[in-house]
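What follows is a set of notes on a single structure, which appears directly below.
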Amino acid sequence: MKLRNRIAYHFVSRLFLLLLCWAALLFICIITLSTFFNQKQTSTSVPITEIVDATNRQDGKITVDKPTLQSIAVHNLWLQILDEDGRELFSINKPPSMPEKYTPGLLVSNYVYPAKSGYHLSTWYESIGSQQLTWILGEKMKNNNPFFFWANNLWVLFMMVSGCLIAIYIGKSFGAPLLHVVSWIENLSSGVYQEPVNKRGPVNSRSKKGNLKSGYKTYKELMNALEDLMMILKKNKEDHEKLETTREEWMTGVSHDLKTPLSVLKGYTFLMASEAHQWETDQIRSFSLTMQKRIEYMEYLIEDFNLTFRLKNDTLLFKKHQINLVELLRETTISLTQLQEAENMEFEFLSDQENILIEGDENYLKRAFENLITNCIKHNPPMTNIKIRISKGDNFVKIEIEDDGVGMAEEVLDHLFDRYYRGTNSLNSTGTGLGMAISKQIILAHQGNIEIKSESKKGTKFIVKFATAPLNFCN
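Residue numbers 179 to 653, in this note's numbering, belong to the letters of the sequence shown in order.
As structure tokens, then:
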């Protein structure tokens, strides 16, 4: 059953249950009152209709025939006759406890609950002339036990309290889960990624065994969705905090990386501008070459920074055309073997075909593979073996870049493709921390995918796959 239908069913069933409980309490109350507390006696020995017939109005006064009055006295009865406003017009043998003026509620109360006054009452309403009269004939109760009066009041009170408790229970069973959900949403909106708990610590929605309580099972999908949302928001917050921390570290590192070549440039320009020295042409050329390398390094840092944000925002235009992936990787590998760090490393290049065509941007794909192979070179000790293997499937091409170096820790693997991240076990601390992120973004932009496998002290393997059929890229 869908959540909406289940909530509607839950609401209607609880409302029906509340009405049923109230009806049951009312029925029990009526039965009990009529059985135990309304102590009826047999009719009085003088019928009240006989008294009504014997009542006369003479000179504006109410009188009753003497034989009827004698009969009332003989049978220990008492009589009151009231006008339209409940005021006494005539009485005989009336007990001192009975009032001379009645309200409608008082008369009904004394009639229904005889234990209250100690007398059973018989009443009659009729007009004599133009005046509406009420006759009250009273007879003392044979069993005048005050317990009945107070028990009756306590029973009514018990019925009212029971009804209220049932209403509160049903209202709580229906409303508590909704209030819990509202509190949970308020927590999420205020940045508290935790399910609301009660004063003793455990969450309200679950039992000691961790299962949802019966009242909350109706909202199972909603509770699960909120829990998933909470975990996502919590993870996003942690990732954001980690990104900010990493960004700060990256800015510190890049600032340091830029400061070093700037210091070199500043030193050489100061020397070349000094009038105290006369520099030879070869010396000036040497200074210029050093300065050029430092400038190229700074351009590389700035280019990495610019490239990663253009890739992230999908603003980079690719110049696509058919390229031979085997030739591209072979040239890239040969160029990287000339690096100083690669002098004592062994390279192996394998391909099952000489021509494997894909469609893409040659320069950016070369940049992506350069970063991957460079990672194997710069973060491993000398004598490391590096293999580049290309194989073609039915409709895809797979590139494996593998080394038998130091490998990576689990923490490094989890964040290797994050922007600004620099591995903690790196043997080479230079770089922007953007190279691996750039490689992944370029590969994904060419509708490829990349995965990494690594084990500490055993090496690392990058696996890249592209479709060999012509692809449509967004420019």
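Glycine residues also receive a C-beta, built at the ideal position from the N, C-alpha and C atoms.
Heavy atom of the ligand GTP less than 8 Å from the Cβ of residue i, yes or no?
i	result
Glu422	Within the structure as shown, the ligand GTP is missing, as the structure has no ligands at all.
Contact defined as beta carbons within less than 8 Å: I believe residue i pairs with residue j. What is the distance between those atoms, to the nearest angstrom?
i	j	result
His499	Glu537	7 Å
Ile501	Glu540	5 Å
Lys614	Phe595	According to the sequence as given, residue 614 is Met; it is not Lys. Met614 to Phe595, Cβ: 5 Å. Contact.
Val575	Glu532	About 13 Å separates the two Cβ atoms, so there is no contact after all.
Leu400	Val359	6 Å
Thr281	Tyr289	13 Å between Cβ atoms; not a contact.
Arg545	Ile620	7 Å
Cys554	Asp572	29 Å between Cβ atoms; not a contact.
Thr447	Ile534	Actually they are not in contact, since the Cβ atoms of Thr447 and Ile534 sit about 49 Å apart, beyond 8 Å.
Glu304	Leu311	6 Å
In or out: residue i buried (at least 16 other Cβ within 10 Å) or exposed?
i	result
Gln258	buried
Ser223	exposed
Trp457	exposed
Asp237	exposed
Phe205	exposed
Thr227	exposed
Phe194	exposed
Lys377	exposed
Ile306	exposed
Gln461	exposed
Met429	exposed
Phe336	exposed
Which of the three DSSP states is assigned to residue i in this structure?
i	result
Arg425	helix
Asn627	strand
Asn533	coil
Lys391	coil
Thr281	coil
His455	coil
Glu588	helix
Ala339	First, the residue type needs correcting, since residue 339 is Val and not Ala in the sequence shown. The answer is helix: DSSP assigns Val339 an H, G or I state.
Lys412	helix
Asn563	strand
Lys570	strand
Ser351	helix
Glu524	strand
Ser249	helix
Val286	helix
Leu196	helix
Arg384	strand
Ser634	coil
Val375	strand
Leu255	strand
For the beta strand (DSSP E) that residue i lies in, which residues bound it at each end?
i	result
Val642	Gly637 to Ala645
Lys239	Lys239 to Val242
Tyr371	From DSSP, Tyr371 is part of no beta strand (DSSP E); its letter is neither H nor E.
His298	Tyr297 to Ile306
Glu654	For residue 654 there is no data in the structure shown, the boundaries of the chain being 179 and 653.
Lys318	Gln309 to Lys318
Just to confirm the assignment, what range does the alpha helix (DSSP H) spanning residue i have?
i	result
Ser513	Leu503 to Leu514
Arg265	Careful: Arg265 lies outside any alpha helix (DSSP H) and carries neither H nor E.
Arg235	Per DSSP, Arg235 belongs to no alpha helix (DSSP H); it is in the beta strand (DSSP E), Thr233 to Gln236.
Glu548	Glu540 to Lys556
For residue i, would you say it is in contact with chain C, using Cβ-to-Cβ distances shorter than 9 Å as the test?
i	result
Glu419	In the displayed structure, chain C is absent; only one protein chain is listed.
Quiz item: How about the stretch 382 to 396 and the stretch 333 to 342: do they share at least three Cβ pairs that are nearer than 8 Å?
Solution: Taking 8 Å as the limit for Cβ pairs, the verdict is that the stretch 333 to 342 does not touch the stretch 382 to 396.
Quiz item: Looking at C-beta atoms only, is the number of pairs between the stretch 410 to 418 and the stretch 433 to 449 that lie closer than 8 Å three or more?
Solution: no
Practice problem: Check whether the stretch 242 to 258 touches the stretch 266 to 283, taking contact to mean three or more Cβ pairs, one atom from each stretch, closer than 8 Å. | Solution: yes
Quiz item: Per the contact definition of three or more C-beta pairs closer than 8 Å, is the stretch 503 to 516 in contact with the stretch 468 to 478?
Solution: no
Quiz item: So does the stretch 519 to 530 actually touch the stretch 553 to 562, counting three or more Cβ pairs closer than 8 Å?
Solution: Counting C-beta pairs with one atom in each stretch, the stretch 519 to 530 and the stretch 553 to 562 have three or more that are closer than 8 Å, which means they touch.
Quiz item: Should the stretch 481 to 497 be regarded as contacting the stretch 563 to 582, the criterion being three or more beta carbon pairs within less than 8 Å?
Solution: The stretch 481 to 497, when compared against the stretch 563 to 582, does not touch it at the 8 Å Cβ threshold.
Quiz item: Below 8 Å, can you find three or more Cβ-Cβ pairs linking the stretch 482 to 490 to the stretch 615 to 627?
Solution: yes
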